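Colleague: Sharing a structure below in structure tokens format, with a few things to ask.
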Amino acid sequence: MKETTIHSALDARHVHALNFTNVEHYPDLARIGMDGFDKIVEAGFGMDSIQGGVTQGSISVQLQFLQQFLPGFVSVMTAARKIDEIVGINTAGSWEDEEIVQGIIENTGTAVPYGDQTNVPLASWNENWVPRTVVRFELGMRVDVLEAKRSARIMVDTAGRKRESAGLVLEQQRNAVGFYGYNSGNNLTYGFLNDPNLPAYKNVAATGTGSSTLWTTKNFQQITQDLITAFAQLQLQSQDTINPEVTATTLALATADYQYLSVTTDFGLSVREWLRQTYPKCRVVSAPQLNAANGGSNVFYLFADSVTDLSSDDGKTFAQLVPAKFQVLGVQQMTKGYEEDYSNATAGTLCKRPFAVVRYSGI
1 MKETTIHSAL DARHVHALNF TNVEHYPDLA RIGMDGFDKI VEAGFGMDSI
51 QGGVTQGSIS VQLQFLQQFL PGFVSVMTAA RKIDEIVGIN TAGSWEDEEI
101 VQGIIENTGT AVPYGDQTNV PLASWNENWV PRTVVRFELG MRVDVLEAKR
151 SARIMVDTAG RKRESAGLVL EQQRNAVGFY GYNSGNNLTY GFLNDPNLPA
201 YKNVAATGTG SSTLWTTKNF QQITQDLITA FAQLQLQSQD TINPEVTATT
251 LALATADYQY LSVTTDFGLS VREWLRQTYP KCRVVSAPQL NAANGGSNVF
301 YLFADSVTDL SSDDGKTFAQ LVPAKFQVLG VQQMTKGYEE DYSNATAGTL
351 CKRPFAVVRY SGI
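Quick note: the sequence shown uses this note's numbering, first residue 1, plus one each step.
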């Protein structure tokens with residue numbers, strides 16, 4: 001019997017995976033038992049059924065490895081807070097105060113014809129006090145250990161964000177009280193839109209299309225006439241104490257009507273440019289709170305920023321009274337985190353000189 005020729009042999013310690021490399025001499029593979037490939041190609045593969053895999057079928061690369069995150073976050077928008085821009089802010093009093101009080105003084109006396117034997121007529125004065133109640137608001141935040149570590153994974157400083165949220169919400173609340181006041185039952189906290197000292201609204205002329213009062217239906221001449229009427233009324237009711245051509249004034253306008261100051265003449269002159277030329281000391285500020293402010297109608301205010309008279313105060317027409325804009329009440333360290341509380345205090349907006357304000361509705 002012919003012995004089988006052994007072309008190669010490897011012990012168990014030296015066996016390794018077959019290294020698939022280019023073989024220049026294809027017939028030499030037969031010497032180590034690898035031949036007949038040409039017959040397989042000609043006849044096709046004939047094998048047992050392929051053994052199924054153990055794991056579930058999936059894509060080769062998971063989605064999270066194919067995602068690219070843009071830098072930063074887009075914040076959710078909130079309405080502009082305009083009370084400070086319209087009337088300013090007066091930091092007066094302390095957080096713990098109950099009321100902010102404005103004194104009003106009136107000089108009294110009547111001059112009479114002189115007579116040697118007559119009594120001397122005496123001059124005097126009379127005072128009143130106008131109180132406004134301070135309201136305090138608070139908002140806090142708590143940060144836990146696990147929350148802080150996990151939010152850091154998505155590049156969010158949870159403590160900083162919560163402090164920012166607290167400050168923003170307290171500012172929004174102060175802005176709302178500045179416009180609308182705050183009613184808790186027996187307090188006297190009013191706003192720019194409802195202070196009891198304010199004069200009544202007047203309606204603008206119904207000169208628009210179809211006898212409408214809306215600025216959306218009016219042309220350049222009709223809108224400017226509404227403004228001229230307001231400036232004339234301001235000068236008239238102040239008995240010439242306020243001259244709009246000399247005194248700095250503010251036109252606070254509903255946001256919905258602000259762009260109608262861009263209405264032009266046939267020659268390209270806009271209402272805004274006319275206002276700038278005719279009343280150069282008048283500034284224009286819009287506010288969303290003036291939309292539908294009077295029974296669903298848009299409004300505008302025209303007022304003197306300040307009045308020069310015998311008063312010993314700052315002469316301002318409006319005062320937003322804010323004892324504390326933002327302050328930390330306390331910080332508490334806890335086992336699994338910490339808690340902070342913040343507060344502000346406001347007495348709303350006080351109209352100190354009603355004669356220096358006119359209000360018009362229906363625009």
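All C-beta atoms in this analysis are idealised placements derived from N, C-alpha and C, irrespective of residue type, glycine included. This one's a predicted model, so the numbers in the text were calculated from it and none came from an experiment.
Comparing C-alpha positions only, which one of E127, F300 and L227 sits nearest to N107?
Modeller: Position 107 of the sequence shown holds residue 107. Of the candidates E127, F300 and L227, the one whose C-alpha sits nearest the C-alpha of N107 is E127.
Colleague: Nearest to S343 by CA position, among Q172, S270 and T110, is which residue?
Modeller: Residue numbering aside, residue 343 sits at position 343 when the sequence shown is read from its first letter. Looking at the Cα atoms, Q172 is the closest of the given residues.
Colleague: Which same chain residues end up closer than 6 Å to E245 when comparing Cβ atoms and leaving out the 5 residues on each side of it in sequence?
Modeller: Numbered from 1 along the sequence shown, position 245 holds the residue referred to as residue 245. There are no such residues.
Colleague: I want to check one thing, is the minimum distance from the CB of Y279 to the heavy atoms of the ligand ATP below 7 Å?
Modeller: Looking at this structure, you won't find the ligand ATP or any other ligand, since it has none at all.
Colleague: How far does the beta strand (DSSP E) with R353 in it reach, from first residue to last?
Modeller: Counted from its first residue, the sequence shown places residue 353 at position 353. Taken as a continuous stretch (DSSP letters only), R353 belongs to no beta strand (DSSP E), as it is neither H nor E.
Colleague: So for W274, helix, strand or coil by DSSP?
Modeller: Taking the first residue of the sequence shown as 1, we reach residue 274 at position 274. If DSSP states are grouped into helix, strand and coil, W274 belongs with the helices.
Colleague: Considering Cα atoms alone, identify which of G210, A292, N243 and A256 is closest to Y279.
Modeller: Translated into the one-based positions of the sequence shown, residue 279 becomes position 279. Of the listed residues, the one whose Cα sits closest to Y279 is N243.
Colleague: Comparing alpha-carbon positions, which option in L66, G178, F300 and E340 lies nearest L350?
Modeller: Along the sequence shown, read from residue 1 onward, the residue named residue 350 stands at position 350. Comparing Cα-Cα distances from L350 to each of L66, G178, F300 and E340, the minimum goes to G178.
Colleague: By the 10 Å Cβ neighbour count, where 16 or more other Cβ atoms means buried, how is P196 classified, buried or exposed?
Modeller: Taking the sequence shown and counting its residues from 1, one reaches residue 196 at position 196. P196 should be labelled exposed.
Colleague: Is D388 buried or exposed, if buried means 16 or more other CB atoms sit within 10 Å of its CB?
Modeller: A question about residue 388 goes unanswered here, because the residues of the chain that appear run from 1 up to 363.
Colleague: If you check the beta carbons only, do P131 and L193 fall under 8 Å apart?
Modeller: On the sequence shown, residue 131 is found 131 positions in, with the first residue counted as 1. On the sequence shown, residue 193 is found 193 positions in, with the first residue counted as 1. It is not a contact, given that the beta carbons lie outside the stated cut-off.
Colleague: Return the chain-ordered list of same chain residues with a C-beta closer than 8 Å to the C-beta of L310, the five sequence neighbours on each side being excluded.
Modeller: Mapped onto the sequence shown, residue 310 falls at position 310. The residues are N107.
Colleague: Which whole runs of the beta strand (DSSP E) in the region 149 to 225 are 3 residues long or more, in chain order?
Modeller: Entirely contained in the region 149 to 225, not one beta strand (DSSP E) run reaches 3 residues.
Colleague: Let me know the secondary structure DSSP gives N98 once reduced to three states.
Modeller: Along the sequence shown, one-based indexing puts residue 98 at 98. The residue you asked about is not Asn; residue 98 is Glu in the sequence shown. Correct three-state label for E98: coil.
Colleague: Among residues of its own chain, excluding the 5 on either side of A256, which ones have a beta-carbon nearer than 7 Å to its beta-carbon?
Modeller: Residue numbering aside, residue 256 sits at position 256 when the sequence shown is read from its first letter. Hits under 7 Å: N291 and N298.
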